[in-house]
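To start, the structure under review is shown below, and the notes come after it.
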Amino acid sequence: MGRPPISRRAFVRGAGALAAFGAATAAGLRLRGGPASPWDGDVFAPPDRAHVAVLRASYDSDLTGIVTDGLRAIGANVAGARVLLKPNMVEYDRGAAINTDPRLVVAAVEALRALGAGSVAVGEAPGHRRDTGYVVSASGLADALKDVHAPFIDMNISRAAPVQLHTYYTTMRQLWLPDAVTEADVVVSMPKMKTHHWAGVTLSLKNCFGCLPGRVYGWPKNALHWQGIERSILDIAGAVRPAYAIVDGIVAMEGNGPIDGTAKDVGLLIVGDDPVAVDATTSHVMGFDPDRFTYLREAGRFLGVSDLTRIEIRGEDPDTVVDPFVPAPTFGGPAVIGGQ
Amino acid sequence: MVAAGDVDALLALCRSDDGGFGSMPGAGSEPASTALAAIALDDDEARRWLAGAQREDGSFGIDAGAVRSDDTSLVALALPAGPALERALDHVVAMAGANTVDGPDPPPYGWSWTVGAHGWTEPTAWGVLALRRCRPTSVDRIEDGLEVLRQRACVQGGWNYGTRESFDVEQPPFVQTTAIALFAVAGIDDALTSSGARALRSRWRHESQGVLSLATAAAALRFLNDADANDAMAVLTDQVLGAEGVGTVALAWSSIAAGDGLLALEA
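From first to last, the protein sequence lines stand for chains A and B. Numbered continuously in my numbering, the first sequence closes out at residue 340. Numbered continuously in my numbering, the second sequence closes out at residue 1267.
Next comes the structure, spelled out in structure tokens:
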């Protein structure tokens, strides 16, 4: 992954330059086909290399060992870092493959500790349920984290503050982000491998929606949808900037995702040091051309590598594990990023 | 049974130095958490903070760049009679959820979490309740909000965040949103109240692991004089005093369930 030219915390907490505002506004308006770049070039280095590991796994396997091996394979460096894990707990429905499995979250906690992380916390701001405590308890995540003495942060109510955006896909200009996100040295996005009725797929970039507090954006975070879901994905992921991603594709969801789809046994974890590359690789494994997802293609211009030929793969060859997903019936193809 | 004093002591820990309440201890004061705490504690210091937080257009909320949250209806229930309340109510009457990005925008609208977005269950419930209690002459807006709650009610009764069906799949009710909506519809729509209360009775035990769900359920059941109210209060006692990381809103609802705050939520 291309190393950002300034530190992550300096990036997310720093005040944005007003000078960028006008240029970006113009760029945003030209996004429907113009050449201008709707991001600050001094903040986002051109994406160069990305490493992704495709790993076979089951929930009964040695998940900690598999995740540790995967993180080592991509060269993850978390020594001494404050790490925030962000699983997908948008809502809970017993029997539905909506959430990142708590066993995988625990495995990631243990793997990161084994790799020398200074601290590991887990945070989420569920988008449908105001009662995070219910989601986390009912899903089993609360008890699982207690077993490994890992703190959970309810990012719907935790301390948060506005940060200036350095991307300009929406008109938001500013996001409220939890301190848990801005003060972390490393954010690891841990999505469930799912189809999505509007975005096509919901993976490590879309999972960043769950970093935003509902007490500002609501339940659901409808303001983000009205800004254009793809535009919002780009702005939010560009602000959160996950350093790593671990996709729960052991049991995934196809069809009418991300809530009402059908569980699908895939048996894979996908781990990487570039969330764009992880999402592109995962999309490919799901049987979708990553270029079909406009936000992913756009993210490949500034946030990471979306070109599959430029991603260094470890573990399984993605071509050999492609397992086509039933797409969400309402997702008809490439969205128009200019269509808010 | 949970003692209001015990919960109130926990809630008091969430107060900021400026007199308002943040979303949890140590967080900066915000309108929604301050309003609920003011209702729960009947607290003038919190009300003074609210008076200083009113926007020029009479509204209350958090500004996040182009996104403006809107908690005015809830805050209105906490404000004393006077100019600040009237300005807030003027805003509530004028504020409406949007159903289309542009072009004709058919009713009903309800109220949204953020300015310019779609109407959803909880803010619509607060809008209806604020107007029923503080400006009952706004008949059209009250009826508009009630119609949103009728249309968004789940097939099995009760409410989730505001979606009856999603892509042809029926969506189940949630306890927390059902409880809040019941405050809005009780005494004005018997059928909606009856189906909502039935859904709440059938679900509150399943969602009692969440303090916020349990506290709102206990408050609503007590408000409705429901036979389950005592059971819910007993479970709440165990949950709220032993839980970690409970935020201001959940503590305020626990206090309201146990104390006199319910009086402020009567239409």
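Virtual Cβ for every residue (Gly too), placed ideally from N, Cα, C.
(1) Which of the three DSSP states is assigned to W1120/B in this structure?
(2) Taking 8 Å as the threshold, find out whether the segment 274 to 282 of chain A comes into contact with the segment 202 to 217 of chain A through three or more Cβ pairs.
(3) Let me know the secondary structure DSSP gives S37/A once reduced to three states.
(4) Using alpha carbons as the reference points, say which of T1137/B, V1185/B, A1252/B and D1140/B lies closest to G1157/B.
(5) If I measure Cβ to Cβ from G300/A and keep anything under 6 Å in the same chain, skipping five residues before and after, which residues do I get?
(6) Which same chain residues end up closer than 6 Å to A107/A when comparing Cβ atoms and leaving out the 5 residues on each side of it in sequence?
(7) Bridge partners of T262/A, per DSSP?
(8) How big is the Cα-Cα spacing for G28/A and T167/A?
(9) Report the CB separation of L1036/B from L1074/B in whole angstroms; it is logged as a contact under 8 Å.
(10) If we cut at 8 Å on Cβ distances, does F331/A have a partner in chain B?
(11) In its own chain, which residues sit with a C-beta less than 6 Å from the C-beta of A1218/B, not counting the 5 before and 5 after it?
(12) Can L269/A and L55/A be called in contact, C-beta distance under 8 Å?
(13) Under 8 Å between the Cβ atoms of W1120/B and G218/A?
(14) Helix, strand or coil for G214/A per DSSP?
(15) Cβ of H196/A less than 8 Å from any chain B Cβ?
(16) Whole-angstrom Cβ separation of A1094/B and D1105/B, contact assumed at under 8 Å?
(17) Could you list the residues in the segment 1113 to 1134 of chain B with a C-beta less than 8 Å from some C-beta on chain A, going in chain order?
(18) Quick check on F1060/B - is its C-beta less than 8 Å from some C-beta in chain A?
(19) Name the chain B residues that come within less than 8 Å of N222/A, Cβ to Cβ?
(20) Tell me, please, whether the CB atom of Y134/A is closer than 8 Å to any CB atom in chain B?
(21) Does G249/A pass the burial test, meaning 16 or more other C-beta atoms within 10 Å, or should it be called exposed?
(22) Work out the CA separation of V271/A and D154/A for me, nearest whole Å.
(23) When you compare the CB of Y1109/B with every CB in chain A, is at least one pair closer than 8 Å?
(24) In this structure, does DSSP put V1155/B in helix, strand or coil?
(25) With 8 Å as the threshold, decide whether the Cβ of A1032/B is near any Cβ in chain A.
(26) Does the pairing of the segment 139 to 158 of chain A with the segment 1018 to 1034 of chain B give three or more beta-carbon distances under 8 Å?
(27) Considering only the beta carbon of each residue, do A97/A and M253/A sit closer than 8 Å?
(28) Based on Cα-Cα distance, which residue from I259/A, L212/A, L224/A and L71/A lies nearest to K86/A?
(29) So that I know if they touch, is there some Cβ in chain A lying closer than 8 Å to that of M1024/B?
(30) Using a Cβ-Cβ cutoff of less than 6 Å, which residues in the same chain neighbour L112/A once the five nearest sequence positions on both sides are dropped?
(31) Got a sec: which bits of the segment 1196 to 1214 of chain B sit with their beta carbon under 9 Å from any beta carbon on chain A, in order along the chain?
(32) I'd like the span of the alpha helix (DSSP H) that includes F1223/B, first residue to last.
(33) Which of helix, strand or coil does DSSP assign to Q164/A?
(34) Which same chain residues, not among the five before or five after L1212/B, have their C-beta less than 7 Å away from its C-beta?
(35) Once you ignore the five residues that flank P1108/B on each side, which residues in its own chain have a CB closer than 8 Å to its CB?
(36) Could you pull the start and end residues of the alpha helix (DSSP H) that L1013/B belongs to?
In short, the structure shows the following:
(1) W1120/B falls in the coil class under three-state DSSP.
(2) Three or more beta-carbon pairs separated by less than 8 Å link the segment 274 to 282 of chain A to the segment 202 to 217 of chain A, which places the two stretches in contact.
(3) S37/A carries a coil assignment under DSSP once its states are collapsed to helix, strand and coil.
(4) Residue V1185/B holds the alpha-carbon nearest to the alpha-carbon of G1157/B among T1137/B, V1185/B, A1252/B and D1140/B.
(5) Correct list, in chain order: V276 and S306.
(6) Taken in chain order, the residues that qualify are L63, T64 and V67.
(7) In the DSSP assignment, the residues bridged to T262/A are E254/A.
(8) Low confidence applies to G28/A: its pLDDT is 37, below 50, so where it sits in the model is not reliable enough to give any reading.
(9) Contact flag correct, Cβ pair sits at about 7 Å.
(10) No, because no Cβ of chain B sits closer than 8 Å to the Cβ of F331/A.
(11) Here the set comprises A1232, M1233, L1236 and A1257.
(12) Yes, Cβ-Cβ distance for L269/A and L55/A is below 8 Å.
(13) Closer than 8 Å, so yes.
(14) Here G214/A sits in helix by DSSP.
(15) Output row for H196/A: interface = no.
(16) 15 Å between Cβ atoms; not a contact.
(17) Cβ contacts with chain A come from W1113, T1114, G1116, A1117, H1118, W1120, E1122 and P1123.
(18) So, not an interface residue.
(19) S1112, W1113, T1114, A1117, H1118 and W1120, listed in chain order.
(20) Yes, its Cβ sits closer than 8 Å to a Cβ of chain B.
(21) So G249/A counts as buried.
(22) Computed Cα separation, rounded: 25 Å.
(23) Chain A, which has no Cβ nearer than 8 Å to the Cβ of Y1109/B, makes this no.
(24) Here V1155/B carries a coil assignment [DSSP, helix/strand/coil].
(25) Yes, its Cβ sits closer than 8 Å to a Cβ of chain A.
(26) Because the criterion of three Cβ pairs below 8 Å is met, the segment 139 to 158 of chain A and the segment 1018 to 1034 of chain B touch.
(27) Pairing A97/A with M253/A gives a Cβ-Cβ distance under 8 Å.
(28) If we check each option's Cα against that of K86/A, L212/A comes out closest.
(29) By this cut-off, M1024/B is an interface position.
(30) Contacts found: V78, V83 and V120.
(31) The segment 1196 to 1214 of chain B vs chain A, Cβ under 9 Å: H1206, E1207, S1208, Q1209, G1210, V1211, L1212, S1213 and L1214.
(32) Boundaries of the alpha helix (DSSP H) harbouring F1223/B: V1211 to F1223, taken from the DSSP string.
(33) Three-state DSSP puts Q164/A in a strand.
(34) Cβ within range, chain order: Q1176, V1249, A1250 and W1253.
(35) Close CB contacts of P1108/B within its chain, under the 8 Å cut and outside five residues either way in sequence, are with G1119, D1144, G1145, E1147, V1148 and Q1151 (chain order).
(36) Where L1013/B is concerned, there is no enclosing alpha helix (DSSP H), given that its DSSP letter is neither H nor E.
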